[in-house]
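Numbering (the working numbering), first residue to last: 7 to 361.
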């Protein structure tokens with residue numbers, strides 16, 4: 007493939023919620039990435055309504071067999087990530103996979119080895135590294151504004167009391183359920199902040215009557231210095247708690263509300279819009295800490311979120327050799343932790359992780 011003109015031609019597999027809402031609108035804002043083909047297995051070419059220049063095809067091999075396509079983006083249900091990614095890599099394409107990477111750690115390792123063998127890029131769309139609230143938390147931890155962090159809680163509260171059996175995420179399929187869907191984001195964020203934990207303890211359950219997929223998780227990560235990171239989510243929380251709560255030897259940071267980018271994308275807005283990713287002041291987090299010998303209590307303006315930064319990095323990696331931000335090994339680590347958390351939940355015990 008010839009990338010001498012610094013243009014990366016992209017094929018997208020899937021134009022459901024993930025493809026239409028999170029991927030196509032974001033990657034098309036990056037100069038140098040050109041969306042040229044979209045696989046829509048059914049429907050009437052919905053992607054052409056927003057991107058009239060794209061070619062709609064029915065089969066993924068129409069991307070694999072096209073020598074002009076450099077990068078394949080996979081936004082299918084999680085159950086199919088492994089097979090589509092493997093086919094794309096075997097066809098000589100660079101690959102971006104929607105999270106979660108795969109349904110098993112074994113599948114993830116196989117794809118990593120294949121990408122290395124083929125000398126191709128493989129990355130996973132962990133876009134929530136670029137949530138504004140997480141960018142803010144990351145700076146607070148990096149600058150040690152709370153001293154030594156002693157405990158953290160990451161929450162993702164929802165109120166969805168009815169089971170929607172028409173959605174694949176609410177079935178008993180591999181990779182379904184909210185722990186694979188939402189928990190994988192929190193695991194990735196915890197790894198970014200604190201590295202690999204020593205222990206993991208999970209409580210993963212189905213709360214709603216008639217449910218087949220897990221709709222509740224409470225997972226604790228233990229670290230050698232005594233730090234405990236609690237990750238929790240439920241679909242039966244009507245009054246949401248704080249999104250992030252971090253406590254340390256010098257104080258606390260508590261943040262309510264969820265990054266506004268998803269709602270903006272669902273509303274059809276573009277990441278190129280002015281003020282993109284900026285959060286309303288009412289949702290800014292509260293800092294109560296000793297900073298530079300002074301007791302500081304006040305609001306911290308949330309950093310602007312930027313999902314486009316993920317695809318900008320993918321482009322710069324492919325076109326200019328920049329370091330890849332979301333490496334497949336990092337994404338594989340989250341799948342390993344998911345498996346350990348489910349094991350812990352089944353066995354009712356804390357799992358001690360090997361180094």
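Glycine residues also receive a C-beta, built at the ideal position from the N, C-alpha and C atoms.
Note that the coordinates shown come from a computational prediction; the quantities given were computed from them, not determined experimentally.
Between the C-alpha atoms of residue i and residue j, what's the straight-line distance to the nearest angstrom?
| i | j | result |
| --- | --- | --- |
| residue 16 | residue 122 | 21 Å |
| residue 12 | residue 38 | 6 Å |
| residue 48 | residue 355 | 45 Å |
| residue 362 | residue 90 | There is simply no residue 362 to check, as the chain begins at 7 and stops at 361 in what is shown. |
| residue 203 | residue 157 | 13 Å |
| residue 283 | residue 311 | 4 Å |
| residue 292 | residue 95 | 45 Å |
| residue 270 | residue 280 | 12 Å |
| residue 234 | residue 46 | 44 Å |
| residue 60 | residue 21 | 12 Å |
| residue 169 | residue 347 | 24 Å |
| residue 150 | residue 140 | 15 Å |
| residue 145 | residue 88 | 34 Å |
| residue 343 | residue 112 | 13 Å |
| residue 9 | residue 42 | At residue 9, the pLDDT of 45 sits below 50, so the modelled position is not reliable; the number obtained from the coordinates is stated separately. Their backbone Cα atoms lie some 15 Å apart in a straight line. |
| residue 99 | residue 324 | 11 Å |
| residue 124 | residue 353 | 39 Å |
| residue 40 | residue 250 | 36 Å |
| residue 82 | residue 304 | 43 Å |
| residue 19 | residue 54 | 14 Å |
| residue 7 | residue 73 | Below a pLDDT of 50, predicted positions are generally treated as unreliable, and residue 7, at 43, falls in that range; no measurement from the model is reported. |
| residue 165 | residue 214 | 11 Å |
| residue 167 | residue 239 | 14 Å |
| residue 6 | residue 26 | Absent from the structure is residue 6, since the part of the chain shown begins at 7 and ends at 361. |
| residue 31 | residue 277 | 7 Å |
| residue 315 | residue 159 | 26 Å |
Would you mind working out which of the options sits nearest residue i, comparing C-alpha positions?
| i | options | result |
| --- | --- | --- |
| residue 298 | 152, 359, 346, 124 | 152 |
| residue 189 | 202, 178, 161, 174 | 161 |
| residue 163 | 147, 184, 145 | 184 |
| residue 23 | 274, 320, 102 | 274 |
| residue 308 | 320, 314, 290 | 290 |
| residue 68 | 245, 276, 34, 93 | 93 |
| residue 194 | 133, 154, 313, 29 | 133 |
| residue 306 | 316, 315, 287 | 287 |
| residue 138 | 267, 329, 18 | 267 |
| residue 104 | 349, 187, 303 | 187 |
| residue 119 | 345, 357, 334 | 334 |
| residue 63 | 75, 44, 70 | 44 |
| residue 14 | 317, 245, 331, 351 | 317 |
| residue 155 | 200, 136, 242 | 200 |
| residue 114 | 85, 329, 237 | 85 |
Could you give the residue range of the beta strand (DSSP E) that holds residue i?
| i | result |
| --- | --- |
| residue 14 | 14-19 |
| residue 129 | 128-131 |
| residue 5 | Only positions 7 to 361 of the chain appear in this structure, which leaves residue 5 out of reach. |
| residue 104 | 100-104 |
| residue 304 | 300-306 |
| residue 40 | 39-45 |
| residue 78 | 77-80 |
What residue does the alpha helix (DSSP H) around residue i start on, and which one ends it?
| i | result |
| --- | --- |
| residue 161 | Premise fails: residue 161 lies in the beta strand (DSSP E), 155-163, not in any alpha helix (DSSP H). |
| residue 54 | 52-56 |
| residue 65 | Per DSSP, residue 65 belongs to no alpha helix (DSSP H) and is neither H nor E. |
| residue 197 | 190-200 |
| residue 141 | 138-148 |
| residue 117 | 111-124 |
| residue 33 | 30-33 |
| residue 95 | 87-96 |
Could you confirm whether any beta carbon from chain B is found closer than 8 Å to the beta carbon of residue i?
| i | result |
| --- | --- |
| residue 159 | This model lacks chain B altogether, as it is built from one protein chain only. |
Secondary structure, alpha helix (DSSP H): runs of 4+ residues fully inside the segment 209-276 = Counting only runs that start and end inside the segment 209-276, the alpha helix (DSSP H) elements of at least 4 residues fall at 267-272.
Are the segment 177-185 and the segment 251-261 in contact at 8 Å, needing three or more beta carbon pairs?
-> Because the criterion of three Cβ pairs below 8 Å is not met, the segment 177-185 and the segment 251-261 do not touch.
Can you give, in chain order, each stretch of the alpha helix (DSSP H) that sits fully within the segment 319-356 and has at least 4 residues?
-> 334-353
With a cut-off of 8 Å, do at least 3 Cβ pairs link the segment 100-108 to the segment 218-231?
-> no
Report yes or no: do three or more beta-carbon pairs, one from the segment 330-349 and one from the segment 165-176, lie closer than 8 Å?
-> no
Is it true that the segment 124-142 meets the segment 223-233, where meeting means three or more beta-carbon pairs spaced less than 8 Å apart?
-> no
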